[in-house]
Structure formats: structure tokens, C-alpha cells
Amino acid sequence: MNTSSEQYLSALGANQTLSPAQLDELETKGYVVIHDVIDKDWLEDMRAAFDSLVEKEGDNLAVEHHQEATATRIANMINKGTVWEKAWAHPLILSVCRHIFQGPFKVSSLNGREALHHGGHQPLHADWKKPRPDFPKVHLVNAIIAIDDLSAANGAPRIIPGTHHRPELPEDVLADCGLPHPDEVIFEAPAGSVMIYNAHAWHGGTNNNAGTRRRVLHSLYIDREDMQQQDQRKWLRPETASRLTPAQKWLLDVL
Ligand SMILES: O=C(O)CCC(=O)C(=O)O
1 MNTSSEQYLS
11 ALGANQTLSP
21 AQLDELETKG
31 YVVIHDVIDK
41 DWLEDMRAAF
51 DSLVEKEGDN
61 LAVEHHQEAT
71 ATRIANMINK
81 GTVWEKAWAH
91 PLILSVCRHI
101 FQGPFKVSSL
111 NGREALHHGG
121 HQPLHADWKK
131 PRPDFPKVHL
141 VNAIIAIDDL
151 SAANGAPRII
161 PGTHHRPELP
171 EDVLADCGLP
181 HPDEVIFEAP
191 AGSVMIYNAH
201 AWHGGTNNNA
211 GTRRRVLHSL
221 YIDREDMQQQ
231 DQRKWLRPET
241 ASRLTPAQKW
251 LLDVL
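Using the numbering used here, you'd call the opening residue of the sequence shown number 1 and step up by one each time.
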């Protein structure tokens, strides 16, 4: 990590100490779950902002990324409200990213997702699909932020511990990535919790059978040498740029 990256990460507060248990989970399982990251008032603001974006964008929802038949998605949230800034630039999330990447990184995208009633199931997948001649280098880290309580009944995400250590994609080795996996763990957690994971680990959304709200944010980070999912040099709006600190601009790679 060069000096300027170190300085920007320090300015962002990405130097929090992780506990030995968290470090062990990141190494062995590939993810860590942290509760009470987002407080009640902030959650209320996020819920209201999420729903108002859904209403406002209608059929155009997630056109900047991709739409999903049985889940609501919102893309490019970096440019859709101040309430999200504290999420993609959250010091604790960035501290975990820093540990997983072990090198400079940037924001790749900030998206919202909600599995609809009876929908939302996804095949197990890794977020990085390209070849990995540099395995085990980490290209992607994701933070799934629970805006609502997440449960097995309402379509919480599943993850297969330890698969961040595997160079293969699940579709290369599993007969059917859509089936339940014997080792899967469901990210069941109260609103305000965050699961931060090495996004080479196999994971996916599950079905929202209960039909209760299960809004989440996907705050995705990528190695600084790689291409962002949503190129912020293209998408950054002047009003977003005007309120960002130099360190936040560095994190979005728009300096
Ligand atoms: O929101 C979730 O349940 C996980 C979704 C996911 O893994 C994805 O959209 O790639």
C-alpha cells in the first residue's frame, strides 16, 4: 500500500482493530457478521429513501446494472441520496475491506435489493467471474447491509463458508447451483447488521417465502486496479461530488 492510499484510508477511519475472533472468521469462513452497525434512526431514513427510489424509478430501476425478475433492485445509489454515504464509506466496513484486500481498493458499486414475495432465489455464485491466474488474490469484497430483519423465511442470503479458498466457480463443480448446499449458512440477522465477505466465496439470495420486507444494500469494493461495476467517473453527479471529501473521492476513484 503506498503512502497516499494509507493516508486516504486513515482519513476514512479504515484503521479500526478487528477482534481475534473476527480475524479468524475472515480467514476460515471468508466472512464476518457484525450487528448494530446501523442505528434505528438511520435505518428509518434508509427505509424511506429506498421506497421512495423504488416509487420514483419505476420501470427504470437498476438500468445502470441489471434487473432481476423476482427481486427489486436499485443501482448506482452513490448518486441517489446522502443517506447512503455513511454506508459505502463506513469506517468499520472499510476496516474489514482493508484487512481482506491487503492492498488498495475502491468502491465498485452501491446497489439495493429486495426479494419479492415467493421470489429472489439465486443460484450459488461468486461475484468475480473472470479467470484467476493470480489466485488467491482478492478482487472483490461485498458488504450486505440489512435494512430489515433478515431470516431464512424472508429470503436472507446464503453463503458457503470456506469457499473463498477455492479457485473454482460453483458452476464448474456443482451439479446444480440452485439446490440447497449441505454447508450453507443463512445470514439471519436483525436490521442494522452487516455481513462483510470475500466475494469470491459462493453465495446467493434465497426465496422470500414469508413475504415480509427484506431490503438490503450491497456495498461492493474492488481491487484498485480493476474496473468498477458502476464507473463513477461516468455516473458521479455534480451534487454528489460537491459534498464529498477528498478521501471519499479517492474511494470512488474520481479524484
Ligand atoms: O441480496 C442477497 O440476498 C444476495 C444477492 C446476491 O448475491 C447478488 O445479487 O449477487
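Think of the CB as a built atom: it goes at the ideal place given N, C-alpha and C, for glycine as much as any other residue.
* Asked: Taking the DSSP output, what are the residues bridged to ASP223?
  -> Its beta-bridge partners are PHE105.
* Asked: Quick one: is GLU168 buried, meaning 16 or more other Cβ sit within 10 Å of its Cβ, or exposed?
  -> When all chains shown are included, GLU168 counts as exposed.
* Pull up the distance between the alpha-carbon of GLU68 and that of GLY204, whole angstroms please. => Distance between the alpha carbons of GLU68 and GLY204 is about 13 Å.
* Spatial neighbours of HIS165 within its chain, please: CB distance less than 8 Å, with the 5 preceding and 5 following residues excluded, ordered by chain position. => Once the five neighbours on either side are set aside, the close Cβ partners of HIS165 are GLY30, PRO136.
* Asked: Would the beta-carbon of GLN22 fall within 7 Å of that of SER95?
  -> It is not a contact, given that the beta carbons lie outside the stated cut-off.
* Quick one: Cα of CYS97 to Cα of VAL37, how far? -> Note on geometry: alpha-carbon atoms of CYS97 and VAL37 lie some 15 Å from one another.
* **Buried/exposed call for LEU252, threshold 16 Cβ in 10 Å** => Buried.
* Consult DSSP for VAL185 and reduce its assignment to one of helix, strand or coil. => Judged by DSSP in its simplified three-state form, VAL185 adopts strand.
* Entirely within the region 151-216 and at least 4 residues each: give me those alpha helix (DSSP H) ranges in chain order. => With a minimum length of 4 residues, the continuous alpha helix (DSSP H) runs that stay inside the region 151-216 are 170-173.
* According to DSSP, what are the bridge partners of LEU140? -> The bridge partners DSSP lists for LEU140 are ILE222.
* To do: Have a look at LEU150 and ALA156 and give me their C-alpha separation to the nearest angstrom.
  => So the alpha carbons of these two residues sit roughly 5 Å apart.
* beta-carbon VAL33 near ligand 1 non-hydrogen atom, thresh 6 Å -> Checking the Cβ of VAL33 against ligand 1 gives no.
* Asked: What did DSSP end up calling VAL33 once you bin it into helix, strand or coil?
  -> Judged by DSSP in its simplified three-state form, VAL33 adopts strand.
* To do: Using only the heavy atoms of ligand 1, determine whether one of them is closer than 6 Å to the beta carbon of PRO182.
  => Placement of the Cβ of PRO182 at a distance of 6 Å or more from every heavy atom of ligand 1 is found.
* **ALA89 to ALA62 span [Cα, whole Å]** => Between the alpha carbons of ALA89 and ALA62 lies a gap of roughly 21 Å.
* To do: Just mark GLU55 as buried or exposed, buried being the case when its beta carbon has 16 or more other beta carbons within 10 Å.
  => So GLU55 counts as exposed.
* Could you spell out where the beta strand (DSSP E) holding ALA247 opens and where it closes? => Run containing ALA247: none in the beta strand (DSSP E); it sits in the alpha helix (DSSP H), 246-252.
* **Cα-Cα separation between ARG214 and ARG224, rounded to whole angstroms** => Near 31 Å, if we compare the C-alpha coordinates of ARG224 and ARG214.
* Asked: So ALA71 is in the alpha helix (DSSP H); what residue range does that whole segment cover?
  -> Going by DSSP, ALA71 is part of no alpha helix (DSSP H) but of the beta strand (DSSP E) stretching over 71-74.
* Closest by C-alpha distance to GLY178, when choosing among GLY162, TRP202, SER193 -> Ranking the options by Cα distance to GLY178, first place goes to TRP202.
* To do: Name the residue from SER5, THR163, VAL32, ILE145 whose alpha carbon lies nearest to the alpha carbon of ALA191.
  => Selected option, being the one with the closest Cα: ILE145.
* Asked: Can the beta-carbon of ALA49 be found less than 7 Å from the beta-carbon of ALA247?
  -> Contact: no.
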